[in-house]
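Undergrad:
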Ligand SMILES: [Zn+2]
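Next up, the structure:
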């Protein structure tokens with residue numbers, strides 16, 4: 001999608017003027033609004049369709065692709081398909097929701113790219129999909145600890161640890177607590193690593209994202225740490241995820257994440 005598409009916003013059509021509403025029956029009013037609103041998705045789809053269609057043999061997409069239609073064919077076929085396309089009959093509200101979801105996905109992708117982009121010039125970049133499992137035998141009051149398996153990345157060994165604990169919720173009164181999640185990156189087996197051939201410090205940039213099969217929607221944010229024999233553990237970073245997701249993860253026995261590592 002291009003930037004112009006990302007910035008599209010659908011503002012709700014203002015309702016009938018109050019004075020008119022009082023004179024109309026509720027039924028006729030809702031029928032009237034619906035007829036008017038039902039035209040919106042097709043108009044937006046056509047605006048979003050890039051450029052004009054040439055009558056050559058290049059396959060083009062249906063104008064309702066954004067709403068979920070996957071039909072593609074030559075322009076003349078697509079033009080007649082669009083008159084019958086089931087996605088053209090989608091309700092404005094549903095279409096609005098679909099668009100919002102798409103825009104959210106797209107914004108996350110763009111933000112991820114923006115955050116990863118500065119590090120693409122680094123010599124090494126790797127990602128690993130992690131399965132973090134809850135440490136089950138711990139004190140009741142201790143924070144929940146989820147640890148990943150040890151994994152190799154950038155020719156070093158690592159683990160990711162996520163901790164979720166109850167903290168007082170400042171916004172509420174002192175008796176109310178909320179789940180607070182943090183994570184850190186731990187360099188394991190490092191004593192063998194820092195030898196004469198390797199630098200004694202490694203400035204690493206890391207980033208948590210969803211793996212292919214998760215949707216925790218972490219904020220795409222990168223963090224730095226200079227790992228060395230005496231600084232094997234990064235600082236503890238607040239999980240860049242919504243409170244509801246942190247609450248959900250704390251109830252689980254395991255979850256998946258993807259971690260990106262970058263090194264100059
Ligand atoms: Zn279609």
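Numbering (UniProt numbering), first residue to last: 1 to 264.
Even for Gly, the Cβ is constructed at its ideal location relative to N, Cα and C.
Fair warning: this is a prediction, and the values are worked out from it, not measured in the lab.
1) Would you check if the distance between the CB atom of residue 126 and the CB atom of residue 249 is smaller than 8 Å?
2) Consult DSSP for residue 140 and reduce its assignment to one of helix, strand or coil.
3) Just to confirm my understanding: we take residue 105, look at its own chain, exclude 5 residues before and 5 after, and list those with CB closer than 7 Å. What are they?
4) Among the residues of its own chain, which have a CB less than 8 Å from the CB of residue 254, if the five just before and after it don't count?
5) Using 8 Å as the Cβ pair cut-off and three pairs as the minimum, do the segment 93 to 103 and the segment 61 to 68 touch?
6) Would you tell me roughly how many angstroms separate the C-alpha atoms of residue 169 and residue 58, rounded to the nearest one?
7) Quick check: the Cα distance between residue 26 and residue 87, rounded to an integer number of angstroms?
8) Per DSSP, which residues does residue 238 bridge with? Please list them.
9) Answer with buried or exposed for residue 23, where buried requires no fewer than 16 other C-beta atoms within 10 angstroms of its C-beta.
10) Please report the straight-line C-alpha distance between residue 176 and residue 237, rounded to a whole angstrom.
11) Return the CA-CA distance between residue 264 and residue 119, expressed in angstroms with no decimal places.
12) Identify whether residue 190 lies in helix, strand or coil by the three-state DSSP scheme.
13) Note down, in chain order, each residue of its chain lying with its Cβ closer than 6 Å to the Cβ of residue 150, except the 5 sequence neighbours on either side.
14) Using the Cβ count rule (16 or more neighbours within 10 Å means buried), how would you classify residue 62?
15) Answer with buried or exposed for residue 78, where buried requires no fewer than 16 other C-beta atoms within 10 angstroms of its C-beta.
TA: The short version:
1) Along the chain shown, read from residue 1 onward, the residue named residue 126 stands at position 126. Along the chain shown, read from residue 1 onward, the residue named residue 249 stands at position 249. No, Cβ-Cβ distance for residue 126 and residue 249 is not below 8 Å.
2) Working through the chain shown from its first residue, we reach residue 140 at position 140. Residue 140: coil per DSSP, three-state reduction.
3) In the chain shown, residue 105 corresponds to position 105, counting from 1. Beyond the five residues adjoining it in sequence on each side, residue 105 comes within less than 7 Å, by CB distance, of no other residue in the same chain.
4) Within the chain shown, residue 254 is the residue found at index 254, counting from 1. Only 131, 132, 133, 134 and 146 meet the Cβ criterion.
5) Three or more pairs of CB atoms, one per stretch, sit closer than 8 Å, so the segment 93 to 103 contacts the segment 61 to 68.
6) On the chain shown, residue 169 is found 169 positions in, with the first residue counted as 1. On the chain shown, residue 58 is found 58 positions in, with the first residue counted as 1. Taking the straight line from one Cα to the other gives about 58 Å.
7) By 1-based counting over the chain shown, the position of residue 26 is 26. By 1-based counting over the chain shown, the position of residue 87 is 87. Legend: pLDDT at residue 26 = 44, less than 50; position of this residue unreliable, no value from coordinates given.
8) What you label residue 238 is simply residue 238 of the chain shown in a count that begins at 1. Beta-bridge partners assigned by DSSP to residue 238: 182.
9) Numbered from 1 along the chain shown, position 23 holds the residue referred to as residue 23. Low confidence applies to residue 23: its pLDDT is 46, below 50, so where it sits in the model is not reliable, and the reading given next is rough at best. By the beta-carbon neighbour count (other beta carbons within 10 angstroms, threshold 16), residue 23 is exposed.
10) Indexing the chain shown from 1 puts residue 176 at position 176. Indexing the chain shown from 1 puts residue 237 at position 237. Rounded to whole angstroms, residue 176 to residue 237 spans 23 Å at the Cα level.
11) Reading the chain shown from its first residue, position 264 is the one you call residue 264. Reading the chain shown from its first residue, position 119 is the one you call residue 119. The C-alpha of residue 119 is placed about 8 Å away from the C-alpha of residue 264.
12) As a working mapping, residue 190 is identified with position 190 in the chain shown. Residue state, collapsed to three classes: coil.
13) Reading the chain shown from its first residue, position 150 is the one you call residue 150. Answer for residue 150: 157, 159 and 188, listed in chain order.
14) Indexing the chain shown from 1 puts residue 62 at position 62. By the Cβ neighbour-count rule, residue 62 is buried, with 16 or more other Cβ atoms within 10 Å of its own.
15) For the purposes of this step, residue 78 is taken as the residue at position 78 of the chain shown. Around the beta-carbon of residue 78, 16 or more other beta-carbon atoms lie within 10 Å, marking it buried.
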